[in-house]
Every structure is written in structure tokens, then in C-alpha cells.
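What follows is a short report on a single structure.
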């Protein structure tokens, strides 16, 4: 009888062990399902990876973009005419900071940023407008020489990343693009080379190959106006950034598919937008990574003080 009781006890313990193992397996399956559901419903929005990748046709002239394929592109607007109007482009680089050009800023006006836009003429789902809480232009910005033409705009409140709004990646400090690198300028700038041309309603993109500094600084190009803190792109006399594109990004793709903002549209030729050997000149973002980080860090410290 004692042997039989021992066998029954062992069988009971084995049964309990099997039940516990089954319960643990069920809990693990449930946890995996929950994680999977969360991943599906709330995707992680990394920088420079649009939900709707741009269609890169490598066209010579500008073209309408695929809607929301450049979700870091913003419209910087001022109230200079008594109502909000587009004056420059910009690039969202975090949930509450926008990168633009110093020459876009006039202390007399108020500014706001429209994010998640495809058409500036239509109220679109997924787009928002945010007041500019603070605007910091580079202390050494030169109006005459267009040097250090860079500004940071602090939004009044952080935005929530979505399929239509996300940040671009920043390049490494002092990263240099090779001559001929295939990059894209985006913006709502004028559609013709004439300064009186109309602004685009739909966001435009254009392929602008990078022109190396050793070429761009030659006398028959931009000569001494092109410094090593600038990026030149284009110059074929056909495609260029134009008025209204200022402050917007030069988008360059990394080998892993993500996009860096390597340039901020700064200036072009006074003879028109599409002038041979006068490429669009951008502020080279990689030359200002330390400045960008310093401004953002200083702003946090100021708030905490």
C-alpha cells in the first residue's frame, strides 16, 4: 500500500508540473501576441524613414512628390501680410525642433510651422500648425556673404510622429558629400526661374547632384562665395532650388535607406534660379552639428534654471 501511495503522489506531482508548464507557455504566447499587436498599432517612427518612400525618378526638372514621402519637410509661414503665408521651407529634426535658414527670419513678424503638408492650398488630414515659440539664428550669420545661414525653430509643443510627420536624420559632424552624390531638394518654391513665378501648391522634388567644393569654388562657378561650410548642388542650368525653397532640405540617402538632411537652401544666382554653373548653395548641416546640439542643450538648461 505504501508503494501505491508513493506512485500516486509522484503521478500527482507530475500532473501539477505539466499544468504549470502549459500555463507558462500560454502566458508567453499571450505576451508575444500583445507585443505584436502593439507593434502593429503603434509603429516606432525612426528618423529619415518615411512610411511612404519617395518615388525617385531622377527626372531632370522638378515634379510633384508622392504624398507625404518627405514627412520632415515643413512650411515656415509668417503673418507679414496680415495672414499666414508660406515664406520658406524647413526640416523637422526632432519632435519640437525645426531646422531652417537665418535669412528666412525677420524679427518684425510672427512665425508658425505647418507640418504634414502635401498641398498648401488644401486642409489635409494628418497635418498640423504649430506656433514658433523661439527662433535662434546663428550669432555669426552674415547677410552680405550668406555665411552661417542657419536657424533653429523651437515649436510651441512637441508634435506626435505619424505617417505624415516625422524627423529627418542629421549627418555626422563634418561629414562631406562626394562630388556627384545624388541628392534631392524639396519645397514649395517658385515653379519657374523667373522671380515673379507662382509658388507651387503641391510639394516638389528635384534631383540635384552635389558639386564638390573644389569645383564650386572655381572662378567661373561661385568662386570665394562658396565656403567649405556650404554644399553646392545642381548647376546644369535646368534644375535648381528657387524662391520659396529657402530654408528647406537637401535630402541625401544613406546606404541603409534612411535619409539625412545635408543642406539648408541658402542662395542662388541673382540672374534667375536656373543658371548654368551657378548651382543652388546650401548651408552644410554637418558643419553645424555641434552648434545644433549646443543650442538644444542650452535651451533645456535655460528651462531648468
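Numbering (the UniProt record's numbering), first residue to last: 1 to 305. Note that the Cβ used here is the ideal one computed from N, Cα and C, for glycine as well.
Asked	Found
Tell me the residue span of the alpha helix (DSSP H) that contains residue 215.	213-216
Name the DSSP bridge partner or partners of residue 154?	97, 134
Look at the Cβ atom of residue 68, then the Cβ atom of residue 160, and state whether they are nearer than 7 Å.	no
Taking DSSP as the reference, what is the three-state secondary structure of residue 176?	coil
Quick one, which of 93, 183, 230, 290 has its alpha-carbon nearest residue 257's?	183
Anyone know if the C-beta pair for residue 156 and residue 133 falls short of 7 Å?	yes
By DSSP, does residue 88 sit in helix, in strand, or in coil?	strand
Are the stretch 286-297 and the stretch 198-206 touching, with three or more C-beta to C-beta distances below 8 Å?	no
Among 87, 250, 272, which residue has its Cα nearest to the Cα of residue 263?	250
Evaluate the contact criterion for the stretch 140-150 versus the stretch 106-117: three or more CB pairs, one atom per stretch, below 8 Å.	no
When DSSP labels each residue in this structure, what does residue 32 get in the three-state scheme?	Caution applies to residue 32, whose pLDDT of 45 falls short of 50 and renders its modelled position unreliable; the value that the coordinates give is listed next. Of the three classes helix, strand and coil, the one that applies to residue 32 here is helix, per DSSP.
For residue 100 and residue 22, what's the separation of their Cα atoms in angstroms?	58 Å
Taking the alpha carbon of residue 240 as the point to measure from, which residue in 297, 210, 79, 254 has its own alpha carbon closest?	210
Using CA coordinates, which residue listed in 75, 169, 231, 172 is at the minimum distance from residue 149?	231
Using the Cα positions of residue 178 and residue 75, report the straight-line distance between them to the nearest angstrom.	29 Å
Answer with buried or exposed for residue 37, where buried requires no fewer than 16 other C-beta atoms within 10 angstroms of its C-beta.	Confidence at residue 37 is low in this model, with a pLDDT of 35, below 50, so its placement is unreliable and no value can be given for it.
Residue range of the beta strand (DSSP E) that residue 251 falls in?	249-253
Hey, out of 97, 261, 169, 186, whose CA is closest to residue 207's CA?	186
My understanding is that residue 72 touches residue 296, with C-beta atoms under 8 Å, so please give their C-beta distance in whole angstroms.	Not a contact, Cβ separation roughly 16 Å.
Applying the criterion that 16 or more other CB atoms from any shown protein chain within 10 Å of the CB defines a buried residue, is residue 46 buried or exposed?	exposed
Quick one: Cα of residue 218 to Cα of residue 235, how far?	13 Å
With distance defined between alpha-carbon atoms, name the residue in 189, 175, 276, 123 nearest to residue 283.	175
What's the gap between the Cα of residue 3 and the Cα of residue 10?	11 Å
CB-CB under 7 Å to residue 66, same chain, minus the five flanking residues each way: which ones, in chain order?	52, 54, 55
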